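In full-length UniProt numbering, the protein residues as written are 1 to 327.
A virtual CB, placed ideally from N, CA and C, is assigned to each residue, including glycine.
Predicted, not measured: the structure shown is a model, and the values here were computed from it.
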């Protein structure tokens, strides 16, 4: 399998999980130091691994990277588009070049990766592609208009392409996983144009990246069409459908402060903006918000066991029916 954005955060965490489950893993990212560090971690899981430097916004470089990985590991059975970057700030404060860069990596990087994967999978009529979306693909948030728009585009692209694959009766599977706020270096890597010297942070509740990695594994191995990770993500989509105006007000008043930290030397010390250049560091899986991180998601546990979900639903319906009939 191949994971883009595999040198840190969710991508790196996902690579380690698949390696422990017996998969050979190819990693694609921009930074050599991060790739080599991630490769060593994956090898500890007992898997064969290959790495390739490429910027996902460069389709030719991505094609070369995939060819190199296949030469080492064999045909690509699964492809996870996980690379993403962001630039925080009010729309008019975010430079045009930041907006374009976020779009090229976070959206067009998924398009490029999917095309490279399909060129290999369609002739064999097998394979699985998983695109990493976001809770902000279900409801956009202030201070992240570029990233929110790119993730909305990823969701729309995934839906359109899935319909094409269905029409073509292709056995290639295409899914999307929507992570919640997650404790990864993503926020330290994002560009920041926040007011008053603020630096980016995930709004609570914050989840461990292992939860999303598990969701990606679920999507690949069980051909899930869409997986929403965490109650926060599920509620975002429902709330935006039921009360979009109220959500506008809530996010407008609270979302601005929830996405930034001010006067935190510990958080600021880990800043490593990588929007326009790769990191020179070996980025870890986890970010600097460990003390606030949830390590378990009841919603994901239920998603893993649809039978249990149905059983709970039937039990709840039976309980309500009995209460109503008593009246």
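Could you tell me which of 21, 31, 23, 78 sits nearest to residue 272, measuring between CA atoms?
-> Nearest option by C-alpha distance: 31.
Would you list, in sequence order, the uninterrupted alpha helix (DSSP H) runs of no fewer than 4 residues that lie entirely inside the region 199-282?
-> 209-221, 230-242, 244-250, 265-268
Inter-residue spacing [alpha-carbon to alpha-carbon] between residue 66 and residue 52 = Linking residue 66 to residue 52 through their CA atoms gives a straight-line distance of about 8 Å.
Straight-line gap, residue 135 to residue 69 (C-alpha atoms, nearest Å) | Cα-Cα distance, rounded: 31 Å.
Would you report the Cα separation of residue 201 and residue 144, rounded to the nearest angstrom?
-> 11 Å
Just checking, does the region 182-193 make contact with the region 161-168 on the three C-beta pairs under 8 Å criterion?
-> no
Where DSSP assigns a beta bridge to residue 182, which residues make up the other side?
-> 207
Spell out the partners DSSP gives residue 192 in its beta bridges.
-> 88
Same chain, Cβ closer than 6 Å to residue 8, five either side skipped, listed in chain order | 34, 185, 283
Put residue 94 into one of helix, strand or coil per three-state DSSP.
-> coil
Residue 10, DSSP secondary structure in three states | The answer is helix: DSSP assigns residue 10 an H, G or I state.
Counting along the chain, where does the beta strand (DSSP E) carrying residue 153 start and finish?
-> Premise fails: residue 153 lies in the alpha helix (DSSP H), 145-167, not in any beta strand (DSSP E).
In the region 22-105, which residue ranges form an unbroken beta strand (DSSP E) of at least 3 residues, counting only runs that do not cross its ends?
-> 25-29, 49-53, 78-81
Beta-ladder partner(s) of residue 291, from DSSP | Per DSSP, none; premise fails for residue 291.
Any chance the region 107-124 sits against the region 69-81, with 3 or more Cβ pairs inside 8 Å?
-> yes
For the region 257-266 and the region 10-29, state whether three or more C-beta atom pairs, one from each stretch, are separated by less than 8 Å.
-> no
Give the DSSP bridge partners of residue 4, in chain order.
-> Answer by DSSP bridge pairing, in chain order: 28, 81.
Just confirm the distance between the C-beta atoms of residue 138 and residue 236, as a whole number of angstroms; I'd bet it's less than 8 Å.
-> 5 Å
From the DSSP output, which residues share a beta bridge with residue 131?
-> 81, 176
Indicate whether residue 222 and residue 181 have their beta-carbon atoms separated by less than 9 Å.
-> no
Is the distance from the Cβ of residue 56 to the Cβ of residue 128 below 9 Å?
-> no
Provide the residue span of the alpha helix (DSSP H) that contains residue 138, from first to last.
-> First-last for residue 138: undefined, no H or E at that position.
Reference residue 54; option with closest CA among 248, 46, 95, 6 | 6
Compute the Euclidean distance between the alpha carbons of residue 87 and residue 94, then round it to the nearest angstrom.
-> Cα-Cα distance, rounded: 7 Å.
If you draw a straight line from the C-alpha of residue 294 to the C-alpha of residue 279, how long is it?
-> 27 Å
What's the call for residue 210, buried or exposed, on a 16-neighbour Cβ count within 10 Å?
-> buried
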